[in-house]
Amino acid sequence: MAAITNDVKAFIVQALACFDTPSTVVALVKKEFGVSVTIQQVSLYDPTKAAGKALSRKWVELFNSTRQSCKAKLSEIPISNKAYRLRVLDRMAADAENAKNYPLAAKIIEQAAKECGDSSTSKKTYNHSGAGGGYMETHTLSKDEYKQARVEMIESDNS
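If you use full-length UniProt numbering, the sequence shown corresponds to residues 1 to 159, in order.
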């Protein structure tokens, strides 16, 4: 294993604390410092993993403070905001529709619906309570399954 300076160690710890993957950190270290490290070496600096359990207090404290700071800054990243994502999807859907690329527009609209809680799917959830308001069953049916169940219910009522 190559010897790693404290500057490189700090860089690795901070990158891992900001949720970069070990393979990404390997590439960043090579680019920033010109030092080749392995994924295994990088993993030693993540105290949340088994490989990093023996990490010194100094690096654990740096990791934890950087992680806390990184989490606080996540809300400042526009794409982490639902309203921003929906606005971008809206612009994309309009552009796709204007370009007469209807399949892409439909896909974008479906993605926006998922962003809003999957409200546009054809599946519906029906709740039924048991005798005396007891046990609750939840069934999710497609449109075709729902229609078939309705037909069967009507037929059983008529007989």
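Virtual Cβ for every residue (Gly too), placed ideally from N, Cα, C.
All figures in this text were calculated on a predicted structure; none of them were measured in a lab.
Contact with chain C by residue i, beta-carbon distance below 7 Å
| i | result |
| --- | --- |
| E155 | Protein chains in the displayed structure number just one, and chain C is not present. |
Beta-carbon spacing of residue i, residue j below 7 Å
| i | j | result |
| --- | --- | --- |
| S56 | I39 | no |
| L62 | V8 | no |
| L86 | Q111 | no |
| V42 | V60 | no |
Same chain only: Cβ atoms within 8 Å of residue i, ignoring 5 sequence neighbours per side
| i | result |
| --- | --- |
| C18 | T66, R67 and C70 |
| K53 | P47 |
| L28 | F11, A15 and D20 |
Distance cut-off 6 Å: residue i Cβ against heavy atoms of the ligand GDP
| i | result |
| --- | --- |
| S69 | Of the ligands one can find in the structure shown there are none, so the ligand GDP has no counterpart to examine. |
Of the residues the options, the one placed nearest residue i, counting alpha carbons only
| i | options | result |
| --- | --- | --- |
| K58 | T21, I108, D20 and A10 | A10 |
| L16 | A106, T5 and L44 | L44 |
| A3 | F33, N64, D20 and A149 | F33 |
| residue 168 | V35, D20 and N64 | Any answer about residue 168 is impossible in this case: the structure gives the chain only from 1 up to 159. |
| K82 | K147, P103 and E115 | E115 |
Outcome for residue i when other beta-carbon atoms lying within 10 angstroms are tallied against a minimum of 16
| i | result |
| --- | --- |
| I108 | buried |
| V151 | exposed |
Beta-carbon proximity list for residue i, same chain, < 7 Å, skipping 5 on both sides
| i | result |
| --- | --- |
| S80 | L74 |
| P78 | Y84 |
| A105 | A93, A96 and E97 |
| K30 | S36 |
Inset, instruction - Determine, using beta-carbon pairs with one atom in the region 83 to 98 and one in the region 36 to 54, whether at least three such pairs fall under 8 Å. - result: Touching, no, given that fewer than three Cβ pairs across the two stretches are closer than 8 Å.
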